[in-house]
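Converting from the sequence shown to my numbering requires adding 3 to each position, the first position being numbered 1.
All residues carry an ideal CB built from backbone N, CA and C; glycine is no exception.
If you're wondering where the values come from, they're calculated on a predicted model, not measured in any experiment.
Structure record follows, encoded as structure tokens.
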Amino acid sequence: MTRKQVLIATALIALVAVVLLVIPDEPKATYHTNKGQVFGTYYAIQYESVDDLHDSIRAMFDAFDGSMSMFNPQSTLSRINAGLDSVADEYFVQMCRTAEEVNSLSGGAFDITVAPLVNLWGFGLKNREHVQAEQVESLLPHIGQGKLSLVPQEGSDKFVLRKADEAVQIDAGAIAKGQSCDIIAALLQRNGSENYLVDIGGEVVARGHNPQEQPWRIGITRPIDDATGTVSEVQTVLQTTDIALATSGNYRNFYYDGEQKRSHTIDPRTGYPVQHSLLSATVRSSSCMRADALATACMVLGETDALSMIEKDTLSACYLIVADNAASTDSTVMRVVRSSRW
């Protein structure tokens, strides 16, 4: 090699070294944990990402509240209930379609038009009162998923919600929390996260692995009567991934009317709070929104009919906790019943 070639090679090596020093290392993904309060409950989200996405997550919560909240008077749901609007946004359309599917699967046990009954029994927007049979009977004609239909809006890609009965009111409380988990999971994936756990009030979507590169650990709560929400015991822990999971139960949201225990789970077919030995239902399904609705349907149906429904649905599985004495709702003696695909 000539002296000139040696000088050129040396210069090139020096130039490459300078470039490598100037170009910064690619930022590495790390695990982030975002926690807080939303929709009257908690959220705890762990995810692997280059960036902390908490601001984007909070913005998504706000957008979802603007669609599905019963307590935000300007939300799509509130405006439709009040007769001020009929145009359904994307979240509302997704909710209605899943609600219609689960209503059919459950034989009407899950029904988002249950709102007037939820309010009557003191679990919604109205104060609690002693309920008379005549009041229940007067509301039943206004209950029924079949009274709702989504119609394409002329000249746009949106839908309009039509009510066959203007007295129909919608309560999405038994499906929206699961839907919000799906929405946050989709946000994380759009931002490149492949490993995450989204937990909103006990509804969960998990994918990939945890920071220890192990499957995620998800606890199922033991259903102990506790209206204060301060007592919590774990019934079992799942080590799993790529899952959408929701739990419904009557062990926290209830009150006593004299000596009669009134649970927040209302059977839309009868108009009354359910009374049976099923204490909680955890459902795994194709989406957390679907799992949330199915878990509520299970709580309405009771052990036998809930198992029958889930066994017929190839997309789902359930884990039921039942009071051991079929004639009792004593939550101190329990047994577990699983569907065949659990």
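Q. Hey, how far is the Cα of Arg225 from the Cα of Glu236?
A. 5 Å
Q: Assign Ser70 to one of two classes, buried (16 or more other C-beta atoms within 10 Å of its C-beta) or exposed (fewer than that).
A: buried
(Q) Taking the straight line between their C-alpha atoms, what separation do you get for Leu120 and Lys31? (A) 52 Å
Q: Using beta-carbon positions only, say whether Ile173 and Asn84 come within less than 8 Å of one another.
A: yes
(Q) Please identify the residue among Asp327, Val336, Gln217, Asp295 whose C-alpha is closest to the C-alpha of Ala320. (A) Asp295
Q: Take Tyr46 as the anchor and find which of Asp55, Trp345, Thr36, His145 has the nearest alpha-carbon.
A: Thr36
Q. In chain order, what residues of the same chain have a beta carbon less than 7 Å from the beta carbon of Val391, not counting five sequence neighbours either side?
A. The chain is shown only over 4 to 345; residue 391 falls outside these bounds and no answer can be derived.
Q: Please state if the CB of Phe162 and the CB of Val96 are separated by a distance shorter than 8 Å.
A: yes
Q) Between the Cα of Ile269 and the Cα atoms of Tyr50, Ala62, Gln148, Ala118, which residue gives the shortest distance? A) Ala118
**Q.** Meets three-Cβ-pair contact criterion under 8 Å: the segment 236-254 and the segment 280-288
**A.** yes
Q: Return the chain-ordered ranges of every beta strand (DSSP E) run that is complete within the segment 138-168 and spans a minimum of 3 residues.
A: 151-155, 162-166
**Q.** Contact between the segment 201-214 and the segment 140-152 (3+ Cβ pairs under 8 Å)
**A.** no
Q) Does the distance from the CB of Ile187 to the CB of Ile48 come in under 8 Å? A) yes
Q | Neighbour flag for Pro144 against chain B, beta carbons, 8 Å | A | The chain inventory of the structure shown lacks chain B, comprising one protein chain alone.
Q | Own chain, CB closer than 7 Å to Glu314, minus 5 neighbours either side, in chain order | A | Ser342, Ser343
Q) By Cβ distance below 7 Å, which residues in the same chain neighbour Lys166 in space, the five residues on each side in sequence not counted? A) Lys150, Leu151
Q.
Excluding the 5 residues flanking Ser290 on each side, which residues of the same chain have their C-beta closer than 6 Å to its C-beta?
A. Asp185, Ala247
Q.
For Met98, which residues in the same chain have their Cβ closer than 8 Å to its Cβ, ignoring the five residues on either side in sequence?
A. Met71, Ile115, Ala175, Ile178, Ala179, Gln182, Met292
Q. How long is the line joining the alpha carbons of Gly211 and Glu169, rounded to whole angstroms?
A. 46 Å
Q. Secondary structure at Val22, three-state DSSP: helix, strand or coil?
A. Interpretation of Val22 is limited by its pLDDT of 49, a score under 50 that renders its predicted location unreliable; no figure is taken from the coordinates.
Q. Quick one: what does DSSP say Lys38 is sitting in, helix, strand or coil?
A. strand
Q.
My output table needs one value for Thr273: the three-state DSSP class, helix, strand or coil.
A. coil
Q.
Within a Cβ cutoff of 6 Å, which residues of the same chain sit near Thr79, ignoring the five residues on either side of it in sequence?
A. Ser70, Asp92, Phe95
Q | Rounded C-alpha distance that separates Leu87 from Phe113 | A | 26 Å
Q: Quickly, what does DSSP pair Cys321 with across the bridge? List them, please.
A: Val286
Q. With which residues is Asp347 paired in a DSSP beta bridge?
A. The structure shown does not extend to residue 347, since the chain spans only 4 to 345, so no value can be given for it.
Q: Scan the segment 81-118 and note each continuous alpha helix (DSSP H) run of 4 residues or more that stays entirely inside, going in chain order.
A: 93-108
Q | Thr250 and Ile223 closer than 8 Å at C-beta | A | yes
Q: List the endpoints of the continuous beta strand (DSSP E) containing Leu248.
A: 246-252
**Q.** Closest residue to Pro155 among Gly39, Val303, Val90 (Cα-Cα distance)
**A.** Val90
Q | Residues bridged to Ala326 (per DSSP) | A | Met337
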